[in-house]
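With the working numbering as the guide, the letters of the sequence shown map in order to residues 1018 to 1329.
Virtual Cβ for every residue (Gly too), placed ideally from N, Cα, C.
Contents: one structure, followed by commentary.
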Amino acid sequence: MNSRSSPTPFDGTALFFRPLVISGMVACITSGWVTVLERFLPTWQGGYLVLLTGLVTLETLVAEQRLRARHVRRSLPARLAEAAVLLLLLKPATYLRRGWAALGEDARRWLTRPATFLDAEYIIGALVLLTMWLLAVEIAVHLRALEDPYGLPQDRAWGIAALKDRFVMGAVVLLMAVGLQRLEVSGTSLALRPASVSGLVLLPMLYVGLGLLLFGQARLAILRAGWERNEVPVAPELGRRWAGWGVLFVLGVTALALLLPAGNTALGLYLFAWLALLATLLAQIVLFLLFALLFLLLAPCLALFRVQEGQG
1018 MNSRSSPTPF
1028 DGTALFFRPL
1038 VISGMVACIT
1048 SGWVTVLERF
1058 LPTWQGGYLV
1068 LLTGLVTLET
1078 LVAEQRLRAR
1088 HVRRSLPARL
1098 AEAAVLLLLL
1108 KPATYLRRGW
1118 AALGEDARRW
1128 LTRPATFLDA
1138 EYIIGALVLL
1148 TMWLLAVEIA
1158 VHLRALEDPY
1168 GLPQDRAWGI
1178 AALKDRFVMG
1188 AVVLLMAVGL
1198 QRLEVSGTSL
1208 ALRPASVSGL
1218 VLLPMLYVGL
1228 GLLLFGQARL
1238 AILRAGWERN
1248 EVPVAPELGR
1258 RWAGWGVLFV
1268 LGVTALALLL
1278 PAGNTALGLY
1288 LFAWLALLAT
1298 LLAQIVLFLL
1308 FALLFLLLAP
1318 CLALFRVQEG
1328 QG
């Protein structure tokens, strides 16, 4: 029986943990830029966008995982319809601060003057929401491509490279927002406000930590694809344990970076990145040695089973 047509087993990690990680990453980027826009546009309040972006991306990714388990793919018209629904939901969300009475008054004005529907607050929110939603969907697509057991090595290399590109792009955008938050404009002069251990530093650290969890899931997807291709049995709780150890790893590196004497600057972010890189390399070496030892121990048994199946 061809494994392509077999039903996809339930994977709680892929269904909930991966969407949570990706949604958290785009929420970090959204939070950084919302803070910048609120600083330079005092009349604009976009805090609701952080929660809305996280929720809609989480719902989209979980729904896609459920559809994928049933071997259903979303078409382009379905994707466009989903984007239209998001834009419709965004408009009432812009009135959370002003109240529903203001929404009713403006709704009557839209009937006579439809152009007033597209005000500046709505346009800014739509650009942020759609950009982050598309980024989350694209990251999830590249991550799922690594799970194909029949994929070519160059396809997996392309998938990993695409994930790295999206991660770096998001990090650059977030760091630009962090830099703009520190920018102090006074007349014709520019200055940088002193940084402190607050959202200015913690937000990029959270993004990097979630990125490490994302690449941990990418590594697990590649390993599982190889195991499925070679018909190696996998424990059902492996995904849950992998996610749990990944979270503990990121929390440990974060705590170590925060405990180091980084002063009141953003040095903690760079220490965190270097510590995470070093720990990731060490973890990959240990995992490689463990899997190599496991393969050497199981290879004779697997070869014996295949010979017996061929004789039977």
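Cβ shell of residue i (< 7 Å), same chain only, five flanking positions each side left out
i            : result
residue 1143 : 1104, 1107
residue 963  : There is simply no residue 963 to check, as the chain begins at 1018 and stops at 1329 in what is shown.
residue 1051 : 1063, 1064, 1066, 1067
residue 1165 : 1242
residue 1239 : 1163, 1173
residue 1267 : 1226, 1229, 1230
residue 1126 : 1133
residue 1109 : 1120
Delimiting residues of the alpha helix (DSSP H) encompassing residue i
i            : result
residue 1112 : No alpha helix (DSSP H) holds residue 1112; DSSP gives it neither H nor E.
residue 1087 : No alpha helix (DSSP H) holds residue 1087; DSSP gives it neither H nor E.
residue 1148 : 1137-1162
residue 1036 : 1035-1057
residue 1367 : The shown model of the chain, from 1018 to 1329, leaves out residue 1367, and the question about it has no answer.
C-alpha gap between residue i and residue j, whole angstroms
i            : j            : result
residue 1087 : residue 1080 : 11 Å
residue 1044 : residue 1036 : 12 Å
residue 1167 : residue 1262 : 28 Å
residue 1058 : residue 1132 : 22 Å
residue 1169 : residue 1101 : 36 Å
residue 1122 : residue 1040 : 34 Å
residue 1093 : residue 1085 : 16 Å
residue 1049 : residue 1055 : 10 Å
residue 1061 : residue 1248 : 56 Å
residue 1254 : residue 1264 : 16 Å
residue 1232 : residue 1130 : 49 Å
Neighbourhood of residue i by C-beta distance below 6 Å, restricted to the same chain and skipping five residues each side
i            : result
residue 1244 : 1251
residue 1120 : 1112
residue 1032 : 1082
Nearest-angstrom beta carbon gap, residue j and residue i [assumed within contact, 8 Å]
i            : j            : result
residue 1153 : residue 1074 : 4 Å
residue 1114 : residue 1156 : At roughly 30 Å, the Cβ-Cβ gap does not stay under 8 Å, so residue 1114 and residue 1156 are not in contact.
residue 1151 : residue 1235 : Not confirmed; about 20 Å, so no contact.
residue 1237 : residue 1053 : The pair is not a contact, with the Cβ atoms about 35 Å apart (cut-off 8 Å).
Beta-carbon contacts of residue i that lie in its chain and below 8 Å, excluding the five residues immediately before and after
i            : result
residue 1118 : none
residue 1188 : 1221, 1224, 1225, 1228
Does the count of Cβ pairs from the stretch 1067-1081 and the stretch 1222-1233 closer than 8 Å reach three?
no
Any 3 or more C-beta pairs closer than 8 Å across the stretch 1190-1197 and the stretch 1169-1179:
no
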